[in-house]
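As they're listed, the protein sequences go chains A and B. According to our numbering, the first sequence is numbered sequentially starting from 224. According to our numbering, the second sequence is numbered sequentially starting from 251. Here is the structure we will look at.
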Amino acid sequence: MSDGSPSHDRVWEVFRQEAEGDPMIHSGNVRAPDEELALHYAREFYGRRQESNRLWVVAREAITELDDPDLLKPPFDRSFKRPGGYLIKHKLEAAKARAGAPAAGEGHE
Amino acid sequence: MSENAADLSGPTRDALAQLLLGIADDEFVIGFWDSEWTGIAPMLEEDVATSSISQDEIGHARALYEMLAELTGQDADQIAFGRQPEAYRHAALMNHARTDWAFSIARRYLYETADAVRLEALSRSTYVPLAQLTAKMRREERYHLMHLDAWLRRLASDADASSRLGSALRTLWADALAIFSPVPGEEVLVRGGALPEPMEALRTRWLDQVLPVLDELGLPGPTEQDLAASSEDGRSRRTDDFLWLHGQFTMVAASESGATW
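Structure representation (structure tokens):
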């Protein structure tokens, strides 16, 4: 177990790929004094049961983090910026009705 | 090339059984010693790594005991757990108790590097099942070697740890050389290629690989006395430390003989 010395306290984030071509998915982290042992421990925790095709091990301090709510959770309704956020179903139906009615009428003549 | 046990001559089979027993006991006993670090290794992550490596070794021992059982018509569990302490054939290196972390790393470094040389040779064995098994074992041992090399260098870079490593190595060298004690009937094995090279040649190769590394790290190699020590009983000498461990690892099997689960 840790003796509390700072050299044991570096945290390394581990990303795992299950099969070639799959995305790298964050799996968790390990503590290790340096890159070499971090790789060994990542292998022990996230790869010793043949469950991984590739591991990425990144020192936590090398990660640039953004967690500012003003940037990430703006207070106004911005649902139209989401792919599903802008509801066009009713507008589309109305447009179809406008375009479709005369065309159907023409077809009967 | 021999595909199976039935193709082997009597003398080859006997000598091969001796060879397999020695290697299997090495893996089995070091696996048990180092599994004692479970729960008390220097940090949690290392605890998992050491336990997992120890499990790997016991797994290798199991595969070797099974190959031996096929050769001699015995039962693998019976070979592993059913013998009296004096019937074990591990090298004297495995007679020592776990001691401290530097001692365990020193022992393991000597063992893993010697085992790597031995496995490389056996992966060229004319006894096909052994060549196949050792080729598989080598893939797992690669990581063991990397891990031990990392720890040896780490400890060597610290004054206190380095002096502990040094004194452990001085204690262990003569017994580590026993890994390459001649196997009874070795000539037959070398002639037929089941053991592609004599143990003496493997011992020289091992020393050529390991001594420059230890020298670079300021760690001691064997003394003239260590090198000259007789290896006659290198695999039959037993100690009180081992008697204690034997009591531990046979305890469950002995509690109800023949039990299965």
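In this text, a Cβ means the ideal position worked out from N, Cα and C, and glycines have one as well.
Closest by C-alpha distance to residue i, when choosing among the options
| i | options | result |
| --- | --- | --- |
| P335(B) | W494(B), S505(B), D284(B) and V502(B) | W494(B) |
| E253(B) | R358(B), G281(B) and P379(B) | P379(B) |
| L464(B) | A418(B), T489(B) and G497(B) | A418(B) |
| L469(B) | W351(B), W283(B) and R403(B) | R403(B) |
| E506(B) | G332(B), W456(B) and T300(B) | G332(B) |
| D293(A) | A317(A), R301(A) and R266(A) | R301(A) |
| A326(B) | G416(B), L270(B) and R420(B) | L270(B) |
| A411(B) | R488(B), I290(B) and W351(B) | W351(B) |
| M251(B) | I273(B), L445(B) and D264(B) | L445(B) |
| L266(B) | S486(B), A451(B), Y315(B) and R420(B) | Y315(B) |
| A330(B) | A409(B), P292(B) and G272(B) | G272(B) |
| V367(B) | D408(B), T454(B) and P434(B) | T454(B) |
| A371(B) | P462(B), G508(B), G443(B) and L467(B) | G443(B) |
| V234(A) | Q240(A), E241(A), L315(A) and A255(A) | A255(A) |
| A274(B) | M387(B), P472(B), S354(B) and I355(B) | M387(B) |
| P448(B) | W456(B), L457(B), D458(B) and E437(B) | E437(B) |
| S512(B) | S407(B), Y338(B), D284(B) and T288(B) | Shown here, chain B extends from 251 to 511; a query on residue 512(B) therefore has no answer. |
| T232(A) | F238(A), E243(A), V253(A) and Q240(A) | Contrary to the premise, residue 232(A) reads as Asp rather than Thr in this sequence. For the residues F238(A), E243(A), V253(A) and Q240(A), the minimum Cα distance to D232(A) belongs to V253(A). |
| S375(B) | Y338(B), A428(B), R441(B) and E450(B) | R441(B) |
| E236(A) | G307(A), D257(A) and R283(A) | R283(A) |
| S431(B) | E286(B), V460(B), D483(B) and A337(B) | D483(B) |
| E258(A) | E241(A), A285(A) and A320(A) | A285(A) |
| Y393(B) | H263(A), R239(A), F238(A) and G251(A) | H263(A) |
Residues that residue i bridges to, as DSSP identifies them
| i | result |
| --- | --- |
| H249(A) | F238(A) |
| R170(A) | Because chain A here runs from 224 to 332, residue 170(A) falls outside it and cannot be looked at. |
| A282(A) | W235(A) |
| Y377(B) | S252(B) |
| R399(A) | As displayed, chain A neither begins before 224 nor continues past 332, which places residue 399(A) out of reach and without an answer. |
Within-8 Å CB hit, residue i to chain A
| i | result |
| --- | --- |
| Y377(B) | no |
| Y225(B) | The structure shown does not extend to residue 225(B), since chain B spans only 251 to 511, so no value can be given for it. |
| A418(B) | no |
| A400(B) | yes |
| H397(B) | yes |
| L495(B) | no |
CB contact below 8 Å: residue i versus chain B
| i | result |
| --- | --- |
| Y269(A) | no |
| R266(A) | yes |
Within-8 Å CB hit, residue i to chain E
| i | result |
| --- | --- |
| H346(B) | Any reference to chain E falls outside this structure, whose protein chains are A and B. |
*May I ask you to list, following chain order, the residues of the stretch 283 to 316 of chain B that have a beta carbon less than 7 Å from some beta carbon of chain A?*
Listed by position along the chain: M293, L294, E295, V298, A299 and S302.
*asked:* Quick check: the stretch 374 to 390 of chain B against the stretch 472 to 481 of chain B, are at least 3 beta-carbon pairs closer than 8 Å?
replied: The stretch 472 to 481 of chain B and the stretch 374 to 390 of chain B do not touch, with fewer than 3 CB-CB distances between them shorter than 8 Å.
_Residues in the stretch 244 to 263 of chain A having any Cβ partner in chain B nearer than 7 Å_ = Residues V253, R254, A255, E259, L260 and H263.
*Counting Cβ pairs, one atom from each stretch, are 3 or more of them under 8 Å apart for the stretch 424 to 431 of chain B and the stretch 479 to 494 of chain B?*
As far as the Cβ criterion goes, the stretch 424 to 431 of chain B touches the stretch 479 to 494 of chain B, which means the pair count is three or higher.
_Cβ contact check for the stretch 355 to 374 of chain B and the stretch 387 to 402 of chain B: 3 or more pairs under 8 Å_ = With a cut-off of 8 Å, the stretch 387 to 402 of chain B and the stretch 355 to 374 of chain B count as touching, because enough Cβ pairs lie within range.
*Three or more beta-carbon pairs under 8 Å between the stretch 263 to 282 of chain B and the stretch 307 to 324 of chain B, yes or no?*
Using a Cβ-Cβ distance cut-off of 8 Å, the stretch 263 to 282 of chain B and the stretch 307 to 324 of chain B are in contact, since at least three pairs of beta carbons, one from each stretch, lie closer than that value.
*Counting pairs of beta carbons, one from the stretch 236 to 256 of chain A and one from the stretch 276 to 286 of chain A, are three or more of them closer than 8 Å?*
In this structure the stretch 236 to 256 of chain A touches the stretch 276 to 286 of chain A; the number of beta carbon pairs closer than 8 Å is three or more.
*Using 8 Å as the threshold, is the stretch 310 to 321 of chain B in touch with the stretch 255 to 270 of chain B, meaning 3 or more CB pairs across them?*
A contact exists between the stretch 310 to 321 of chain B and the stretch 255 to 270 of chain B.
*Does the count of Cβ pairs from the stretch 489 to 503 of chain B and the stretch 340 to 352 of chain B closer than 8 Å reach three?*
The answer is yes - the stretch 340 to 352 of chain B touches the stretch 489 to 503 of chain B, with three or more Cβ pairs under 8 Å.
_Closer than 8 Å is the cut-off here; do at least three beta carbon pairs connect the stretch 256 to 269 of chain A with the stretch 295 to 304 of chain B?_
The stretch 256 to 269 of chain A is in contact with the stretch 295 to 304 of chain B.
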